[in-house]
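Inspection log for the structure reproduced underneath, given as structure tokens.
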Amino acid sequence: MAIPYRRLLPSGFGLAMGMLTWLSASQPATAQTPLDSTTTHAEEVLTAPPLASTTAPPVQVQEEQLWKLGLNNLLLLPANWSREVSNVPSAVRYGRYGLHLGYERKLRAPWSVLVEISPYWLSYSPVGTASHEQALCARAQVAGRYYYNLERRLRLGKSAGNFAGNYFSVALGGGFGRQAHETAFLFYNRSGPFARFDGAILYGLQRRLGSHGFFDFNAGIPFAFSSGAATSTYYLGASGPTLALNLRLGLCLGR
């Protein structure tokens, strides 16, 4: 039975549209990006770990020798006062004016040896006379030193390689000059032979003052090796050897 063409046209068109609709629905949805959208990129900033310091700690210069010029080889005891505070009963006025010239040499850490000579001009007035006498005299010493705290000073970052530290010392000293009353550590009440000798066991400390200065202080027990009544330079009425005190202030001449 033949179907007229005009009756088939609407039915065929509807069937075709249905097929197209089914095919479009079966395809996966495609995400659409708006034309004016902005893409944001997140960047992770990595911080590099700090580099280990390649700078080595400062190395202290280990001085092997040191020349020292002490500027305080001075003692002035005016009339009458000298007889009350020091062992100078034979002089009314006593004056000492000089320098300390020292050389310290490192043997091996922490040991060193010190050689010092202290020339001075002696000016004094003897008791019972109106005369004023003057003479060139000298004191000297040779000492061994043990700087016991060098390693600790280095750990603390303090100066230690330039003969700066605390020390124990054994010293031998002397005094030279016919009019001399003094040895390295003792004071004699009268002048005597050209040379007198003494010794001492000392505890002291030495420090640098800036680049060119120093101070060296020690105290200890002196011993007289020569005859005669002797005591320390500064004495408060005690008889016999007392505590020896020594101070050096001055300049470092070279290394």
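According to mature numbering (1 follows the signal peptide of the UniProt record, and there is no 0), the stretch in the sequence shown is residues -31 to -1, 1 to 224, in order. Just so you know, even glycine gets a beta-carbon here, dropped at the ideal spot from N, CA and C. Note that the coordinates shown come from a computational prediction; the quantities given were computed from them, not determined experimentally.
Check, Outcome
"Cβ-based burial, residue 223 [other Cβ within 10 Å; buried from 16]", "exposed"
"Buried or exposed (CB count within 10 angstroms, at least 16 for buried), residue 189", "buried"
"Which of helix, strand or coil DSSP assigns to residue 217", "strand"
"For residue 32, three-class secondary structure by DSSP", "coil"
"Beta carbon of residue 103 nearer than 8 angstroms to that of residue 119", "no"
"Unbroken stretches of the alpha helix (DSSP H), 4 residues or longer, contained in the stretch 47 to 124", "50 to 54, 119 to 124"
"Buried versus exposed, by CB contacts within 10 Å (16 or more), residue 99", "exposed"
"For residue 39 and residue 218, believed in contact at Cβ under 8 angstroms, the rounded distance", "6 angstroms"
"Where residue 163 falls, given that 16 or more other Cβ within 10 Å makes a residue buried", "exposed"
"CA-to-CA distance, residue 144 to residue 85, given in whole angstroms", "12 angstroms"
"Best match in 43, 133, 134, 137 for proximity to residue 108 [C-alpha to C-alpha]", "43"
"Cut-off 6 angstroms between Cβ atoms - residues of its own chain near residue 169, not counting five sequence neighbours on either side", "140, 154, 189, 191, 213"
"CB of residue 220 within 8 angstroms of CB of residue 186, strictly", "no"
"Contact check, residue 124 vs residue 134, beta carbons under 8 angstroms", "no"
"Outcome for residue 112 when other beta-carbon atoms lying within 10 angstroms are tallied against a minimum of 16", "buried"
"CA-to-CA distance, residue 138 to residue 225, given in whole angstroms", "Outside the modelled stretch of the chain, which goes from -31 to 224, sits residue 225, for which no answer is possible."
"Contacting residues, own chain, Cβ-Cβ under 7 angstroms from residue 76 (five flanking each side not counted)", "82"
"Short Cβ contact (8 angstroms threshold) for residue 198 with residue 158", "yes"
"With 16 other Cβ atoms within 10 Å as the buried cut-off, status of residue 179", "exposed"
"Assumed close pair residue 80, residue 117 - CB separation to whole angstroms, cut-off 8 angstroms", "Rounded, the Cβ-Cβ distance is 10 angstroms, inconsistent with contact."
"Supposed close pair residue 71, residue 45 - CB separation, criterion 8 angstroms", "No, residue 71 and residue 45 are not in contact; Cβ-Cβ is about 22 angstroms, not under 8 angstroms."
"Backbone CA spacing between residue 110 and residue 101 [nearest angstrom]", "29 angstroms"
"Residues that residue 200 bridges to, as DSSP identifies them", "156"
"Residue 212 - partner residues in DSSP beta bridges", "According to DSSP, residue 212 bridges with nothing at all."
"Nearest candidate by alpha-carbon position, reference residue 34, set 160, 181, 132", "132"
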